[in-house]
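Chains as they are written, first to last, in the working numbering: chain Y, -12 to 280; chain H, 80 to 357. Data block below; observations after.
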């Protein structure tokens, strides 16, 4: 499903003494199949934007279409839309609630697909738990609160992907995890991307994570999209990003410092590529020197 | 003076005493040190922190804070006055609806006089750079600002030791920078002992000393640069290098004659020298 937003505007508490304009005309298209990154500092409107994508926030002004679903249309089937656009909130483990892992994970399924038979539902839960790397038989009857932090987050994600949403949105999915937990989580996302889950959208403060994982990205600032494109393009706008209070990936920071000293390194900001480009430059210069001698 | 002393400390959350979350830790932290504590989720870092300010009492062994034993319940109040703790979630640490009232909560509880409380609020808000928000509402502040208010609340009781348990985890890069700058300033200017638990390897680089926990034990204890030079060992404990250091390592492995670099600036410096020489 292609996501097209045009002139999206949203105001919190519109008729109160504290109206807050969170979105001021967002124009953004996210193609099917992308692993899309959304960047922006706190208060830039990124969460407000993603909450529109499965109609958690009602469209107040502008145009938003997700596949065939027109969110401006009052007759739009929101229930169906929500089963196809899954949303994993920040620290999703805080939303676990049921007595057992199995009951927690099947909750979404019970609401979205009411006509499923018991054994079909159990099979779907099993598959979702396996997808997130948990042993179904070992955890299904445990209380989700007995599990470790990383496991809890996996259960919470299983509860969203159990309906196999075509679009999966994750708000800061790796926040608070240790380095290995982060790596495993990104691997998990890549493993489901391209199958039933066609599009993945992650909101992240970690520029290296965006550079390493995303096909395209958008930078939000002051309720609008300030920059969009491939991560390598976005991170070439170093001054603009820094003025927006954002960081650069280590590779881009390093390339910028080298450029200031007259060494031009064209890198797409992925570690692998950066290493290759440095080696190529080194070998070329060394080779050049040898020729000169 | 010794700020914190752990003597063969064990702690178990279970009644039967099996499975130690902290398993035989002996450790000494001098006053004025800035110590980063690293380790996987579940390695015992937070338990270690809670043992310091007597939120937990050791199952075996002893913990002394500024010479006071945490198992002596008569000393609990004095220990907590001297070892303040800042937690992960900024929203869970606010008690009042106005910033100055929130910061006053600690001083009020230790029974300070009204004028003194006023002075403490000034001092604490000044230290974290939030004077302008004295009468603001915490819920309307950003995450970084809220976390600075939480630090101010701890500072207002003038502890000699500050423990931060993943206090930057929920913040954006700017908020994280703000909090780190405040911590470093307090350590440098007020000589405050800082114990920083973190998953960000880059933050550990700013400390004087880094401790790695694994399955309840302290398995590495050295200067951060040294810890990050022992990458094979780190890998065993499921930790990673700071990103710049990881890139540096890959370049070294590919045969580039460069020295160890731990951040983007150092890496750029090394590469610059190399490429200009070549």
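We put the CB at the ideal spot given by N, CA and C, even for glycine.
### Query
How about residue 78 of chain Y and residue 133 of chain Y: are their beta carbons less than 9 Å apart?
No; because the gap between Cβ atoms is not below 9 Å, this pair is not in contact.
### Task
Answer yes or no: do residue 214 of chain H and residue 178 of chain H have a C-beta to C-beta separation smaller than 9 Å?
It is a contact, given that the beta carbons lie within the stated cut-off.
### Message
Quick check on residue 315 of chain H - is its C-beta less than 9 Å from some C-beta in chain Y?
### Response
The beta-carbon of residue 315 of chain H is placed no less than 9 Å from the nearest beta-carbon of chain Y.
### Query
What residues in its chain sit with their C-beta under 7 Å from that of residue 335 of chain H, if we drop five residues either side in the sequence?
The beta carbon of residue 335 of chain H sits closer than 7 Å to the beta carbons of 353 from its chain, once the five residues preceding and following it are set aside; these are given in chain order.
### Query
What whole-angstrom Cβ distance do residue 53 of chain Y and residue 68 of chain Y have, given they're in contact under 8 Å?
The pair is a contact, with the Cβ atoms about 7 Å apart (cut-off 8 Å).
### Message
So if I threshold CB-CB distances at 8 Å, which residues from the region 265 to 292 of chain H count as touching chain Y?
### Response
Residues passing the 8 Å Cβ filter: 278 and 280.
### Message
So, with DSSP's three-state summary, where would you put residue 178 of chain H?
### Response
In this structure, DSSP gives residue 178 of chain H a helical state, which the three-state scheme calls helix.
### Task
Flag residue 232 of chain Y as yes if its beta-carbon sits less than 9 Å from any beta-carbon of chain H, otherwise no.
For residue 232 of chain Y, the answer is yes, since a Cβ of chain H falls inside 9 Å of its Cβ.
### Task
Report the three-state DSSP secondary structure of residue 91 of chain Y (helix, strand or coil).
When secondary structure is reduced to three states using DSSP, residue 91 of chain Y falls in the helix class.
### Query
In the structure shown, what three-state DSSP assignment does residue 280 of chain H receive?
Helix, per DSSP.
### Query
So, is the C-beta of residue 162 of chain Y closer than 9 Å to a C-beta in chain H?
Chain H contact via Cβ: present.
### Query
Just curious, the alpha helix (DSSP H) that residue 49 of chain Y is in, first and last residue?
Not the alpha helix (DSSP H): residue 49 of chain Y falls in the beta strand (DSSP E), residues 48 to 53.
#### Entry: Cβ pair residue 186 of chain Y, residue 70 of chain Y closer than 9 Å
No. Outside cutoff.
### Message
Quick check: what's the CA-CA separation for residue 50 of chain H versus residue 236 of chain H?
### Response
Absent from the structure is residue 50 of chain H, since the part of chain H shown begins at 80 and ends at 357.
### Message
Taking 9 Å as the threshold (C-beta atoms), are residue 81 of chain H and residue 146 of chain H in contact?
### Response
Yes, Cβ-Cβ distance for residue 146 of chain H and residue 81 of chain H is below 9 Å.
### Task
Tell me whether residue 169 of chain H is buried or exposed, calling it buried when 16 or more other Cβ atoms sit within 10 Å of its Cβ.
Burial call: buried.
### chain H within 9 Å of residue 258 of chain Y, Cβ atoms only
Interface annotation, residue 258 of chain Y: in contact with chain H, CB-CB separation under 9 Å.
### Query
When DSSP labels each residue in this structure, what does residue 246 of chain Y get in the three-state scheme?
In this structure, residue 246 of chain Y counts as helix in the three-state DSSP scheme.
### Task
Counting only the same chain and skipping the five closest in sequence on each side, list residues whose C-beta sits under 7 Å from that of residue 141 of chain Y.
Leaving aside the five residues that flank residue 141 of chain Y on each side, the residues in its chain whose CB is nearer than 7 Å to its CB run, in chain order, 119, 120 and 121.
### Query
Which residues, in order along the region 58 to 82 of chain Y, keep a beta-carbon less than 7 Å from a beta-carbon of chain H?
So the list is empty, because no residue satisfies the distance condition.
### Message
At the 9 Å Cβ level, is residue 93 of chain H part of the contact set with chain Y, yes or no?
### Response
At a cut-off of 9 Å between C-beta atoms, residue 93 of chain H does not count as an interface residue with respect to chain Y.
### Query
Quick one: is residue 248 of chain Y near chain H, going by C-beta distance under 9 Å?
For residue 248 of chain Y, the answer is yes, since a Cβ of chain H falls inside 9 Å of its Cβ.
### Query
Sorted by chain position, which residues of the same chain lie with C-beta nearer than 7 Å to residue 38 of chain Y's C-beta, five sequence neighbours on each side aside?
Once the five neighbours on either side are set aside, the close Cβ partners of residue 38 of chain Y are 44.
### Given residue 165 of chain Y as reference, the closest of H/278, H/138 and H/339 once Cα atoms are compared
Among H/278, H/138 and H/339, the Cα nearest to that of residue 165 of chain Y is on H/278.
### chain Y contact residues for residue 249 of chain H, given Cβ-Cβ distances below 9 Å
Residues of chain Y whose Cβ lies closer than 9 Å to the Cβ of residue 249 of chain H are, in chain order, 77, 78, 159, 162 and 163.
### Query
Sorted by chain position, which residues of the same chain lie with C-beta nearer than 6 Å to residue 232 of chain Y's C-beta, five sequence neighbours on each side aside?
Annotation for residue 232 of chain Y: 28 place their beta carbon closer than 6 Å to its own, counting only its chain and skipping 5 residues before and after.
### Query
In chain order, what residues of the same chain lie with their CB nearer than 7 Å to the CB of residue 172 of chain Y, ignoring the 5 residues before and after it?
Around residue 172 of chain Y: 160, 161 and 164.
### Query
Alpha carbon to alpha carbon, how far is residue 0 of chain Y from residue 6 of chain Y?
Answer to the nearest angstrom: the Cα atoms are 5 Å apart.
### Task
Take residue 262 of chain H as the anchor and find which of H/156, H/164 and H/91 has the nearest alpha-carbon.
When H/156, H/164 and H/91 are compared, the shortest CA-CA separation from residue 262 of chain H is found for H/164.
### Task
Check whether the region 109 to 116 of chain H touches the region 312 to 321 of chain H, counting contact only when three or more Cβ pairs, one atom from each stretch, lie closer than 8 Å.
The answer is no - the region 312 to 321 of chain H does not touch the region 109 to 116 of chain H, with fewer than three Cβ pairs under 8 Å.
### Task
Using a Cβ cut-off of 7 Å, pull out every chain Y residue sitting near residue 322 of chain H, in sequence order please.
Those are 195 and 237, listed as they occur along chain Y.
### Message
Let me confirm a value: residue 195 of chain Y is counted as buried when at least 16 other C-beta atoms fall within 10 Å, else exposed. Which label applies?
### Response
In summary, residue 195 of chain Y is buried, with 16 or more beta-carbon neighbours lying within 10 Å of its beta-carbon over all protein chains present.
### Message
Output needed for residue 96 of chain Y: all residues of its chain with C-beta closer than 8 Å, excluding positions within five of it in sequence on either side, in chain order.
### Response
Cβ neighbours of residue 96 of chain Y beyond the five flanking positions: 103, 108, 111, 112, 149 and 150.
### Task
Identify which residue in Y/72, Y/47 and Y/94 has its Cα closest to the Cα of residue 55 of chain Y.
For the residues Y/72, Y/47 and Y/94, the minimum Cα distance to residue 55 of chain Y belongs to Y/72.
### Task
Give me whichever residues DSSP pairs with residue 215 of chain Y in a beta bridge.
For residue 215 of chain Y, which the question treats as bridged, DSSP gives the partners Y/205.
### Query
Which residue from H/299, H/196 and H/134 puts its Cα closest to that of residue 154 of chain H?
Of the candidates H/299, H/196 and H/134, the residue whose Cα lies closest to the Cα of residue 154 of chain H is H/134.
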